[in-house]
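Q: Before we start, here is the structure in question, set down as structure tokens.
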Amino acid sequence: MKRGRTILSLVGAAGAATSAFSTLKAARGKNDKLALANAVASILVAITGAALAVRGLRKDGKA
């Protein structure tokens, strides 16, 4: 059960990253500084979420 939750977290992080990159592209096109800052922050959050999910998968396999 825990492994399934961790995999769903990884999928969610991938979806968030896709959305963040789409927002980044739109913000760059419009030259909107606030939207650009939001997109960059969202990308960092997605990276952190993915890293936590990968760490959870590694701990499940070894522990």
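Offset between the sequence shown (1-based) and the numbering used here: plus 728. Beta carbons are placed, not taken as given, at the ideal position from N, Cα and C, and that holds for glycine. Just so we're clear, the structure is a prediction, and the values are computed from it rather than from any experiment.
(1) With a cut-off of 8 Å, does the C-beta of asparagine 766 fall near any C-beta of chain D?
(2) At a cut of 8 Å, does the stretch 752–765 reach the stretch 776–789 through at least three beta carbon pairs?
(3) Among Arg786, Ala744, Ser750, whose alpha-carbon lies nearest the alpha-carbon of valine 773?
(4) Closer than 7 Å by C-beta to alanine 791: which residues in its own chain qualify, once you throw out the five before and the five after it? Chain order, please.
A: To lay it out plainly:
(1) In the displayed structure, chain D is absent; only one protein chain is listed.
(2) The stretch 752–765, when compared against the stretch 776–789, does not touch it at the 8 Å Cβ threshold.
(3) Of the candidates Arg786, Ala744, Ser750, Ala744 places its Cα closest to the Cα of valine 773.
(4) Unreliable placement is indicated for alanine 791, whose pLDDT of 42 sits below 50; no coordinate value is reported for it.
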